[in-house]
Structures are given as structure tokens and as C-alpha cells.
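Numbering follows my numbering, in which position 195 of the sequence shown is assigned residue number 539; successive positions increment by one, without gaps.
Have a look at the structure below before the remarks.
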Amino acid sequence: MATMQFSNERPALWPIIKRYILVFDVPLTLTLFLILSVSCTAMFSAGLDAPGRFEDHMRNTIIAFVVMWIAACVPPQLLMRFAVPLYTIGVALLIAVAMFGIVKKGARRWVNVGVVIQPSEIMKIAVPLMLAWFFQKREGVLRWQEFALAAVLLAIPGVLILKQPDLGTATLVMAAGFYVIFLAGLSWKIIFGLGVAGLASLPVVWSMMHDYQRQRVMTLIDPTTDPLGKGFHIIQSMIAIGSGGVTGKGWQSGTQAHLEFIPERTSDFLFAVFSEEFGLIGNCVLLVLYLMLIARGLFIAANAPTVFSRLMAGAITMIFFTYAFVNMGMVSGILPVVGVPLPFMSYGGTAFVTLGLGMGILMSIQRHRKLIQS
């Protein structure tokens, strides 16, 4: 009679946890680590006069990392299932904000659903997710009607966010959606026509803008017209950037920042603090890191196996570009101040989580592309 033998050997631990650890794309993770290292260095200096700010920034970084890891573990096919529900819930919450939202500093942007949330932040991911799902479902049958319907899906949350009013978030959401529509194959002729129509409609847009938004535009043109009021932010940030010179004044030695001339120095205007302390050389290093991040994201998008993953990866990558371009532009005085943070640098929990989610989706797309090919 044969005897049964049982092995006392336990399964190796590494094969079990390997699938959960090797979800990170190495080039993307390394670039992000370097940006976060620069971020922590700048935040420690900028937050010297704000007790607890650096600790909160580290907490936000850890939360964003956890969100990124979770998103990286979720396959793109599963993400597609969340597209319609997430978009629908986001639009419903935006309508709830318009009807009975919480008003802070003259803006109605928050709603209490047990906890106070800002639904417009959800749409930064929900809109490109929805549009990528939409074009995936219509692969091979794209006509002008499909692009028109996609424009409507983009316009609904965009208009609701503009009415809060929140020009900065509306810009980011509209840009994210436009990138998906463009990458789906929108004709250059249509883009040119829309550009001409946009320029022609500027007088109408100007008449519809709020007073504070018009003041931002006028301040951009000439900040010295109100140097102690609306132009104060831009003037002081430009002084800080210029005084940094080539090599900067040194870490924790920025006079504009530590004498409190730079407002919002840990959030929207952190780039001015960084420029003053690390100068042109530091700025060039930071720009190279952002370019590396964007280049890797575009590489992942170009090699994505499906329409959905390609559009989603391309849109997320261009969102990073938009964040960085708009923030550096407004701090440098070449764009209006619209409250857009510098990605993975500025203080802010919601923005960190949103960007971490986007980074995780990029890693998920790259990881599952490799699994398909193997």
C-alpha cells in the first residue's frame, strides 16, 4: 500500500509578495522619488515659520504613495468599469454643490456628505477616464458626432466647476478631457477652427467673467497698478526668482520667503521659494526631472495595448505637464494666478492624492502591458 508523503516545506515568501511589490515602473518611480526629495527639501525650508506644515506634507506624501500603489495593482480593464459610475457620481456631486454647497471665501466648491469634500477634484480623473472609456467603446467608428458627444461630456462638469467659481480646477479638468479627445484623433482643422472661435469669443468671455477674474488678468498685464493688493503676489514672487540668480542664496537663506514677503509660500508659490534658494541651476534640475516624468509617461502611452489605456496614459501625462506649466507660468508672471499647485511639490492633500492616483494608473498600464506581452 502506497504511503502518502506530505511536505513540511512552506511556500517561499517572495513569490507571494512579488506580485504586490513589483507593480512599480522603475524609471517612473525613480524620477518621482527624486522630485519628492526636492519637494521635501524645499518644503522644510518654506515651512520653517509654519509649525506642522512639513510633517503634514510628509503625511500627504505617504497617503499619495499608498493610493499610487493601490491604483498600480488595479488592471486597466477594471478601471474601465469605474468610468461611468465615477463620472456620474462626480456630476451629481457638482450639481449638489450648485444647489446647497458650502461657501468659503466667496466660492461654493464643497459639499457635506458626512465629510466635507470638493467634488471638482474627482473630475480631474473621472473626466479623462470617462472619455477614454467612451472612445474605447467606439473604436473604429469615430465620426464628428462622436467627437461632438465627447465635447458635451466634457462641457457638463466644466461649466459646473466654472460656476462655483473655480477657474483653476476648471482649466485642469477641461485640459484633461481635451487631451483625450485630441489623442483620439481630433482633426487639426477642427482644433484650428476652435482656436479662431475662441479668440473671437474673448469679448463675450470677458463680460461673463467675475470681477476677481478680470482683476487677475489686468494684474498679469501690469502688476504694478496695485502693488500692495492684487499685484503683490506676482511682484514678490518675481523678485524672489530674480534674486536667486544662477546659484541661489542657499537652502533656508531666502530672504523673500523667510521675511514673509511671499504669500502661500508652501503651496501655490513654493516654486518662488525654491528658485530663490537654489537659483537657475536648481530650476533646471527640477525642469529636467519633470521632463523625464513626462517623457516616461508618453512612452507608456505610446506602447499601451488598448485604445483606453493609450488615451488614459496620454491624458494623465499631459495633466502633469499642465500642472507644472501653469504653476511655473503664474509664479513667473507670464500666466494669471489661478491656484494650480506644482505637481508633487506644493503642499496640499487633495492634489497629492489625485496626482498619486494618476501616477498609479500609469504604472498599472505599463505593468499589465508587460503581462500581456509575456
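Note that beta-carbon positions come from the ideal geometry of N, C-alpha and C, so glycine has one too.
These numbers come from a predicted model, not from an experiment.
- In this model, A499 and I709 are separated by some 27 Å (Cα to Cα).
- Contact between S611 and P685 is confirmed by a C-beta separation of about 6 Å, below the 8 Å threshold.
- With a contact defined as Cβ atoms closer than 8 Å, V681 and I578 qualify at about 7 Å.
- With contact defined as three or more Cβ pairs closer than 8 Å, the region 613 to 633 and the region 383 to 397 are in contact.
- The DSSP-derived three-state label of R609 is coil.
- Within the DSSP bridge table, the entry for A451 names K448 as partners.
- The three-state reading of DSSP puts I678 in coil, since its state is none of H, G, I, E or B.
- By the Cβ-count criterion, L380 is buried, with 16 or more other Cβ atoms from all chains shown falling within 10 Å of its own Cβ.
- Linking R397 to M689 through their CA atoms gives a straight-line distance of about 13 Å.
- The beta carbon of A451 lies closer than 8 Å to those of Q508, P509, D510 in the same chain, with the five residues before and after it left out.
- Residue environment analysis places F444 among the exposed positions, since fewer than 16 neighbouring C-beta atoms fall within 10 angstroms of its C-beta.
- From the listed residues V697, K481, Y556, the smallest Cα separation to E465 is found for V697.
- Annotation for A416: the continuous alpha helix (DSSP H) segment containing it runs 397 to 417.
- For the set Y634, H712, I660, S676, the Cα lying nearest the Cα of P649 is the one of H712.
- Under the criterion of beta carbons closer than 8 Å, T661 and A645 qualify as touching, at roughly 6 Å.
- No Cβ-Cβ contact shorter than 9 Å links L516 with L497.
- Out of K574, P501, L546, M402, the CA that lies nearest to the CA of V435 is found in P501.
- Per the coordinates, the alpha-carbon of G598 lies some 12 Å from the alpha-carbon of G589.
- Fully enclosed alpha helix (DSSP H) runs of no fewer than 4 residues occupy 463 to 481, 488 to 506 of the region 441 to 526, in order along the chain.
- For the alpha helix (DSSP H) assignment, the uninterrupted runs of no fewer than 4 residues enclosed by the region 651 to 700 are, from N- to C-terminal side, 651 to 676.
- Excluding sequence positions up to five before and after L378, its CB lies within less than 8 Å of the CB of L633, all in the same chain and listed in chain order.
- Taken through DSSP and simplified to helix, strand or coil, K533 comes out as helix.
- With a threshold of 16 other beta carbon atoms within 10 Å, Q421 falls short and is exposed.
- For F522, the number of other beta carbons within 10 angstroms of its own is at least 16, and it is reported as buried.
- At least 9 Å separates the beta-carbon of M656 from that of L430.
- If you look at V370, you'll find it in the alpha helix (DSSP H) that goes 370 to 390.
- Around R558, the same chain offers W550 as residues with beta carbons nearer than 8 Å, after the five sequence neighbours per side are excluded.
- Using a Cβ distance threshold of 9 Å, Y691 and G391 count as a contacting pair.
- A distance of 9 Å or more separates the beta carbons of L504 and I406.
- The shortest C-alpha to C-alpha distance from V617 to any of G573, T568, S676 is the one to S676.
- Judged by DSSP in its simplified three-state form, M703 adopts helix.
- Secondary structure note for P547: its alpha helix (DSSP H) is the uninterrupted segment 546 to 552.
- Per DSSP, V629 is one residue of the alpha helix (DSSP H) stretching across 614 to 646.
- Each of G626, A584, T591, K593 was checked against the Cα of R609, and the nearest Cα belongs to A584.
- For V418, the closest C-alpha among the options I525, L376, R560, F368 is that of F368.
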